[in-house]
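Asks:
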Amino acid sequence: MSALTLTETSFADYRPEHFLWELADGVATVTLSRPERKNPLTFESYAELRDLFRELVYAADVRAVVVTGAGGNFSSGGDVHDIIGPLTGSRMKDLLGFTRMTGDLVGAIRKCPQPVIAAVDGVCVGAGAAMAMACDLRLGSSAAKVAFLFVRVGLAGCDMGACALLPRIVGMGRASELLFTGRSMSAEEGERWGFFNRLSEDVLSDAQDTARRLARGPTFAHGMTKTMLGQEWTFTLEQALEAEAQAQAICMATEDFRRAYEAFVAKAKPTFEGN
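Each step along the sequence shown adds one to the number in the working numbering, with nothing skipped, and position 57 is 466.
#1: Step through the CB atoms of chain C and report whether any lies within less than 8 Å of the CB of Arg621.
#2: For Glu684, count neighbouring C-beta atoms within 10 Å of its own C-beta (all shown protein chains included) and say buried if the count is 16 or more, exposed if not.
#3: Leaving aside the five residues before and after Ser411 along the sequence, list all residues of the same chain whose C-beta is less than 7 Å from its C-beta, in chain order.
#4: So, with DSSP's three-state summary, where would you put Lys635?
#5: Nearest to Cys533 by CA position, among Phe673, Thr511, Asn448, Arg443, is which residue?
#6: Which same chain residues, not among the five before or five after Arg668, have their C-beta less than 7 Å away from its C-beta?
#7: For Asp530, is the classification buried or exposed, using 16 other Cβ atoms within 10 angstroms of its Cβ as the cut-off for buried?
#8: For Gln657, does the count of other Cβ atoms within 10 angstroms reach 16, so buried, or fall short, so exposed?
#9: Where Val515 and Gly478 are concerned, what is the direct C-alpha to C-alpha distance, given to the nearest angstrom?
#10: Please identify the residue among Gly599, Gly591, Asp434 whose C-alpha is closest to the C-alpha of Gly563.
#11: Going by other Cβ atoms of all chains shown within 10 Å of its Cβ, with 16 needed for buried, is Glu600 buried or exposed?
#12: At the level of alpha carbons, what is the spacing between Phe462 and Cys521?
#13: Look up Thr680 in the DSSP assignment and say whether it is helix, strand or coil.
#14: When the Cα atoms are used, what is the spatial distance from Ile578 to Ala672?
#15: Could you tell me the alpha carbon to alpha carbon distance between Gly506 and Lys676, rounded to whole angstroms?
#16: What first and last residue would you give for the beta strand (DSSP E) that runs through Glu431?
#17: What residue range does the beta strand (DSSP E) around Val439 cover?
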């Protein structure tokens, strides 16, 4: 499967090398799976995840995505031995190539049209926290602990879009605290601050149920909502109103809009097909 495909692609036979993949009922579950080390990311897994989310733009059979981790943890971030060690001896050109690649993963999650839900249990730190931050919805277990650890290894908090995304999620003051100190945010704090949409006793099952509900909805319209949520950050109100008028007019031309009307008239539940 190439990184750029100009026609719709089926992911039924997708077999990644560096994480687990399951597709059922239109919901894809991506599982970071190195549980013995709390699911760290490597150069290879960063790149493969980036390529996956880029290709989901063309997915014919993926209508929502859940991202989780194996073994009771989400992710311990960039692998200390496989990534941080080699980076200390790298040239600026290679360092910039790496940081751009990790940012590209966040950009790809934000740009794919499917709703992406993070199911966060246990450790969720560093790049793992940035991945969760990039998702559209975040569900946490009571054991979830989220930390943006960059400052603890002598780096700035401005990594993988954190200075843009995190203040929009939890507010500027709270984001500043987390990024300056690198401290852990508890599950209860995360829910209270708005990082987690809610806490759950069975976070993966809850996330997959939520994803299935979204997958049964008007997925073309969901993609439009996600696009506009991203684009309108820098719009004036006048620009936003005009952009939303155009976006909604496009949605009104879809078959799903007609299906919803016909179902309403027939006093039935609409069956959306994403077109």
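Ideal Cβ placement from N, Cα and C applies to all residues, glycine included. Computed from a predicted model, the values in this text were never measured in an experiment.
Replies: With the structure as the only source:
#1: Protein chains in the displayed structure number just one, and chain C is not present.
#2: Sequence inspection shows Asn at residue 684; the Glu mentioned does not correspond to that position. Flag for Asn684 reads exposed.
#3: Here the model assigns Ser411 a pLDDT of 43, short of 50, so the residue's position is not dependable and the matter cannot be decided.
#4: helix
#5: Asn448
#6: Pro679, Thr680, Phe681
#7: buried
#8: Gln657 counts as exposed, since fewer than 16 other beta carbons sit within 10 angstroms of its beta carbon.
#9: Cα atoms of Val515 and Gly478: separation of roughly 17 Å, rounded to the nearest angstrom.
#10: Gly591
#11: buried
#12: 6 Å
#13: It is coil, neither helix nor strand.
#14: 36 Å
#15: Distance between the alpha carbons of Gly506 and Lys676 is about 55 Å.
#16: That run of the beta strand (DSSP E) goes 429-433.
#17: Where Val439 is concerned, the enclosing beta strand (DSSP E) stretches over 436-441.
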